[in-house]
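Read through the structure below, which is laid out as structure tokens, and then see the notes.
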Amino acid sequence: MPTIDVAGEKIHAAFFDAKSDRNLVLVHGSGGDATCWPLAELETLGVNVWSVDLPGHGQSGGKAREDVGEYAAVVEGLVKALGLSRVYLGGHSLGSAVALTLGLAAPAWLSGLVLVGAGARLRVNPAIFEALANDFSGALTLMDSVIFGPAAPQNVREAMRLRMAKTDVSVMVSDFTACDRFDVMKDIRRITLPALVVSGSADVLTSLKYGRFLADNIPDAELVVLEGAGHMMALEQPGAFAGALARFLG
Numbered sequence: 067m068p069t070i071d072v073a074g075e076k077i078h079a080a081f082f083d084a085k086s087d088r089n090l091v092l093v094h095g096s097g098g099d100a101t102c103w104p105l106a107e108l109e110t111l112g113v114n115v116w117s118v119d120l121p122g123h124g125q126s127g128g129k130a131r132e133d134v135g136e137y138a139a140v141v142e143g144l145v146k147a148l149g150l151s152r153v154y155l156g157g158h159s160l161g162s163a164v165a166l167t168l169g170l171a172a173p174a175w176l177s178g179l180v181l182v183g184a185g186a187r188l189r190v191n192p193a194i195f196e197a198l199a200n201d202f203s204g205a206l207t208l209m210d211s212v213i214f215g216p217a218a219p220q221n222v223r224e225a226m227r228l229r230m231a232k233t234d235v236s237v238m239v240s241d242f243t244a245c246d247r248f249d250v251m252k253d254i255r256r257i258t259l260p261a262l263v264v265s266g267s268a269d270v271l272t273s274l275k276y277g278r279f280l281a282d283n284i285p286d287a288e289l290v291v292l293e294g295a296g297h298m299m300a301l302e303q304p305g306a307f308a309g310a311l312a313r314f315l316g
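Each number in my numbering corresponds to the 1-based position in the sequence shown with 66 added.
Okay, structure coming up:
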């Protein structure tokens, strides 16, 4: 589990070495960390897997950002510091905004995008900001009620609630602010990289229409729908999610 200096910040990434020349770099969503992916299933894909803690999250140092572009700069700095090439960049929710931002920039190291619970615009319900400002426990209950599909395993729900409870409220506010400001609706047709868009049919935060918009407007994109899955679709249906990635990575 390496920790790399990126512009003076210690950035942590969980790492699985498949001895491959291809790399899957994963970026979590708001208030999350490197454990918000089904890493055991993804380690079967035959590619090196790097699951990043954004600044101020998990085991990384530094401070959370209120701007997706700043998070994207950190991820690019990490990729360059590690000397990675042939990178497939996967992002969930806030992380998908980071992936789309770098997809638009199209650096030479980037080979494709995996967009999970994604949207070209990520407006945040004002009730979430209000709850975070006034009642953190209530905010956790509110988020728990909207991030999972009805069939989500109870152990997954409990683990996520514990993870969120350990996250400083200021980090969540920064992340949701970054999401709320993000909007590339008019730009995504410029993305020429292959992209896998994964949506949950029961996702009420980034609904299926968000995924369809991405798949319809990114020229080389395909859409996979996980039936019955909510916003935390990768953790809710890890086998189906890994299977979709395996097909995409070929």
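C-beta: ideal position from N, C-alpha, C; glycine also.
The three-state reading of DSSP puts D246 in helix, counting H, G and I together. Judged by DSSP in its simplified three-state form, F314 adopts helix.
Put simply, of A138, T110 and G135 the residue whose alpha carbon is nearest the alpha carbon of F307 is T110. Under DSSP, the beta-bridge partners assigned to Y154 are L90 and G178.
If you check the CB distance, G95 and G161 come in under 8 Å. Here V212 carries a helix assignment [DSSP, helix/strand/coil].
Straight-line spacing of the CA atoms in L120 and P285 works out to 29 Å. Between G124 and A100 a beta carbon distance of about 5 Å is seen, short of the 8 Å cut, so the two are scored as contacting. Following the DSSP letters along the chain, one finds S117 inside the beta strand (DSSP E) bounded by residues N114 to V118. From the listed residues G135, K252, R189 and A193, the smallest Cα separation to C245 is found for R189.
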